[in-house]
Ligand SMILES: Cc1cc2nc3c(=O)[nH]c(=O)nc-3n(C[C@H](O)[C@H](O)[C@H](O)COP(=O)(O)O)c2cc1C
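Residue numbers (the numbering used here): 146 to 308.
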């Protein structure tokens, strides 16, 4: 898919099919995330967790009265370590955005998730199951899978031109 076509066709998918994505597609999406810009080039302060284990996914679903990751068969958690420069959120968002576009280019559904992060952090038993390295904190969740349907949307943001 051409880049602008990919950007324009990405949408937050909230209805996933049960079918799992291939390891090959997953690997391309993860690589896209790793190619993102990261402040001060500190890729060692970033960490990616891929959850495809049904038992753990069900446990996370059961933390709320609905699945906050919409039963996506793959849940990616991007974690970061704040080295004092406060770039952990920006870095995670950059990694996430590359993954969302990568997934779209492969014809997959995806969604950027914040709510799931709050829930995981609140439940220490679940957080422990992520087995994150010392000092890393979950920042962004991404749901990946096959979309059940598509969604056309166009957004706009006010622009001021100062010429
Ligand atoms: C920082 C951030 C947090 C978000 N958190 C959630 C979330 O927890 N749950 C959800 O359903 N969508 C979440 N979204 C998706 C937004 O609602 C969505 O991107 C926005 O409504 C625009 O729709 P689109 O992605 O389909 O273009 C989040 C998006 C961003 C950028």
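Even glycine gets a Cβ: it sits at the ideal position worked out from N, Cα and C.
Item to check | Three-state secondary structure assigned by DSSP to residue 252 | outcome: Walking along the chain shown from the start, residue 252 turns up at place 107. Correct three-state label for residue 252: coil.
Next on the checklist: Could you check if residue 156 belongs to the surroundings of ligand 1, using beta carbon to heavy atom distance under 7 Å?
Outcome noted: If you number the chain shown from 1, residue 156 lands on position 11. Because some heavy atom of ligand 1 lies under 7 Å away, the Cβ of residue 156 counts as near it: yes.
Checklist entry - So, helix, strand or coil for residue 281, using DSSP? => result Working through the chain shown from its first residue, we reach residue 281 at position 136. Residue 281: coil per DSSP, three-state reduction.
Checklist entry - Per DSSP, which one or two residues make a beta bridge with residue 223? => result Working through the chain shown from its first residue, we reach residue 223 at position 78. For residue 223, the pairing in a beta bridge is given by DSSP as 193 and 285.
Checklist entry - Who are the Cβ neighbours of residue 259 in its own chain at under 8 Å, not counting the five residues just before and after it? => result The residue you call residue 259 lines up with position 114 of the chain shown. The answer, listed in chain order, is 285 and 286.
Checklist entry - Does the pairing of the stretch 248-268 with the stretch 180-197 give three or more beta-carbon distances under 8 Å? => result no
Next on the checklist: For the pair the stretch 228-236 and the stretch 167-178, tell me if three or more CB-CB distances fall below 8 Å.
Outcome noted: Not touching, per the Cβ criterion.
Next on the checklist: In the DSSP output, what is residue 215 paired with across the bridge?
Outcome noted: Position 70 of the chain shown, counting from 1, holds the residue named residue 215. Its beta-bridge partners do not exist; DSSP assigns none.
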